[in-house]
Each structure stands twice: as C-alpha cells, then as structure tokens.
Amino acid sequence: MISVTNLVKEYRTASRDVRALDGVTLTVPAGEIHGIIGHSGAGKSTLVRCLAGLDRPTSGDITINDANLTTATAKDLRSARRRIGLVFQHANLFDARTVLDNVAYPQEIAGVKKSERRARAAELLELVGLGDATQVYPSQLSGGMRQRVGIARALAVNPDVLLFDEPTSALDPRTTDEILDLITHLRRPDLAMIVITHEMHVIKRICDSVSLLERGQIVESGSLTDVVSTL
Ligand code: ADP
Ligand code: ADP
Numbered sequence: 001m002i003s004v005t006n007l008v009k010e011y012r013t014a015s016r017d018v019r020a021l022d023g024v025t026l027t028v029p030a031g032e033i034h035g036i037i038g039h040s041g042a043g044k045s046t047l048v049r050c051l052a053g054l055d056r057p058t059s060g061d062i063t064i065n066d067a068n069l070t071t072a073t074a075k076d077l078r079s080a081r082r083r084i085g086l087v088f089q090h091a092n093l094f095d096a097r098t099v100l101d102n103v104a105y106p107q108e109i110a111g112v113k114k115s116e117r118r119a120r121a122a123e124l125l126e127l128v129g130l131g132d133a134t135q136v137y138p139s140q141l142s143g144g145m146r147q148r149v150g151i152a153r154a155l156a157v158n159p160d161v162l163l164f165d166e167p168t169s170a171l172d173p174r175t176t177d178e179i180l181d182l183i184t185h186l187r188r189p190d191l192a193m194i195v196i197t198h199e200m201h202v203i204k205r206i207c208d209s210v211s212l213l214e215r216g217q218i219v220e221s222g223s224l225t226d227v228v229s230t231l
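The sequence shown: position 96 = 96 (the numbering used here), numbered continuously.
See below:
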C-alpha cells in the first residue's frame, strides 16, 4: 500500500512562490485502483513527480509499505524508486532499443543478469499482448502498442505501486478502451495502482476509489460511486 501524508510542494520562482501541492493526504491499499482527477494546473504532474521519487516534496511523507520515500537518503531513494512503476502519457521508450530491451532495461539498472532479465521481459510482453513483437523497434509500433511496452517496462522490477500518468490522453477512444482493459487485467492483491488523469470516463471505467485534486488540495475522496455522485 502507498500512503501520502500532508504532502506540500512549493516552487520558488523569481516573481512568486507557488504551492503546487498544499497538504495532500491519501492512502491506496494494495489490490485497489485509485484515480486522481483534476483540471490543468491542479497539481497532478507535481504529485506524479513526488510519488515517483523524481522530485523532493517541501514537506510531508510518502510511504510505500514500510519504506519512507521522503526521509530516504539518495541511495535508499534509488532502491525505493524501484517499488514504484511509472507509466507515462507518451510511453517514453528508447527508440534505439528493441521492445524486449526496453522492457529489460529497469532490471539492467538493478543489476539483474542478462538471461534472467530477458526472460522476465519476454514474459511481461506476453502479458501485455506483445509476445510477437519482442524484436521490433518502438518506431514500428502504434501508440497503443507503445503504451503496452511502457506498461510492461513499468512492471519489470515487480513494483508495489504502479503509477499511471495520463496513460490514455494521447490515444484514440478504441485504443483507450484496450489500454484500460489491460490496466484492470493487471490488478493483483499485492499491487496498488494510481491513475492520474483529467478524463472522468477513465476514472469511471476502471477505478475503485477517487480523489479530486483542486489547486493542490484533495477536495473530495472516497469510493467511485460516492465521489462521482457529488460531481
Ligand atoms: P497539472 O499537472 O494538474 O496541470 P502541475 O503540477 O503541472 O498541475 O502544476 C501545479 C501548479 O504548480 C501550477 O500553478 C503550475 O504553474 C505550478 N508549477 C508546476 N511546475 C512548476 C515549476 N517547475 N516552477 C514553478 N511553478 C510550477
Ligand atoms: P495472465 O493472467 O495474463 O496469464 P499471469 O498472471 O499469468 O498473466 O502473469 C504472467 C506473468 O506476468 C507472471 O510472471 C507474472 O508475475 C507477471 N505479472 C502479471 N501481472 C503482473 C503485475 N500486475 N505486476 C507484476 N507482474 C505481473
């Protein structure tokens, strides 16, 4: 499970200070898909960056199972980061590597030996429906297929939390449906999933619970039916 307590992130610029996150508290139990929805400027990207360990919050805590990301040393943060798989809006694949090597990459960083990481990557590509495309390059794939590769890569280190940042915003409606089906297929008792989006239909289709982010604060949070009925 992942829990976030009183998370604050301030950006200091020459002209003014911006409080992009202003006391965000939320808990996502393992096994659940939690949606975070908000308009542009609400703080979604900032929250993703903090959750993924790419940016340090100004104050507050992020805990994954027993590991506190915010108090971790730089070295511990690197290993804590492996507990979170991140899926980007545009997949962000390495164009010069095959699909298989893209998915094997996180384990290469983690020092897993080549045969083992390739076997794992092949298994994950099978899982996302790309078992036949291991040797192609990302440029040969459609947007939806690239996103499948991005999802497989995020799963490579067996994360406790899978974080989706606008996973379908760049996709057409049919491909969106396919990717949302895939996300629900990944549901497991030991995995907490967070989907950050500005699209309500994504939330309605796959999430168990929802938080509504406005101006850096969570203004509503609860089960899908409770929150959606108030909007
Ligand atoms: P969203 O992803 O929901 O559109 P962001 O997290 O990008 O929201 O932005 C939240 C607020 O923080 C906005 O007011 C934005 O202008 C501000 N902000 C984001 N990044 C920076 C930055 N690097 N420096 C200054 N202000 C920033
Ligand atoms: P399917 O239900 O499609 O047959 P499996 O559950 O058998 O898929 O999983 C196939 C492989 O993918 C296994 O090695 C499993 O560990 C891995 N896998 C499946 N789902 C996840 C997940 N959510 N996170 C990490 N690994 C996963």
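C-beta: ideal position from N, C-alpha, C; glycine also.
Taken through DSSP and simplified to helix, strand or coil, residue 198 comes out as coil. In the three-state DSSP reduction, residue 63 falls in the strand class (E or B).
Using a Cβ distance threshold of 8 Å, residue 25 and residue 46 do not count as a contacting pair. By alpha-carbon distance to residue 38, the top candidate from 28, 21 and 54 is 21.
Burial is judged here by how many other beta carbons sit within 10 angstroms of a residue's own beta carbon; residue 95 has fewer than 16 and is exposed.
Residue 164 and residue 136 do not touch by the CB rule: their CB atoms are close to 24 Å apart, not below 8 Å.
Residue 102 sits in a helix when the DSSP states are folded into three classes.
Those residues that bring their Cβ nearer than 6 Å to a heavy atom of ligand 1 are 11, 13, 18, 20, 38, 40, 41, 42, 43, 44, 45 and 46. In the DSSP annotation of this structure, the continuous segment of the beta strand (DSSP E) that includes residue 25 starts and ends at 17-28. By the neighbour-count definition (other C-beta atoms within 10 Å, threshold 16), residue 76 is an exposed residue. Ranking 87, 11 and 63 by CA distance to the CA of residue 30 puts 63 first. For residue 113, there is no enclosing alpha helix (DSSP H), as DSSP marks it with neither H nor E. Around the beta carbon of residue 56, a 10 Å sphere encloses fewer than 16 other beta carbons of the protein chains shown; the residue is thus reported as exposed.
The DSSP-derived three-state label of residue 188 is coil.
With 16 or more neighbouring CB atoms inside 10 Å of its own CB, residue 130 falls in the buried class. Taking C-beta atoms as the reference points, residue 187 and residue 33 count as a pair closer than 8 Å.
Taking 8 Å as the upper bound for CB-CB distance, residue 192 and residue 161 are in contact here, some 5 Å apart. Rounded to the nearest angstrom, the gap between the Cα atoms of residue 68 and residue 189 is 21 Å. Note on residue 144: 16 or more other CB atoms within 10 angstroms of its CB, so buried under the neighbour-count rule. Around the beta carbon of residue 44, 16 or more other beta carbons sit within 10 angstroms, so the residue counts as buried. A direct Cα-to-Cα measurement between residue 210 and residue 80 gives close to 25 Å.
The stretch 120-175 contains, as complete beta strand (DSSP E) runs of 3+ residues, the segments 161-165 (chain order).
Nearest in C-alpha terms to residue 104, of all of 60, 149, 65 and 71, is 149.
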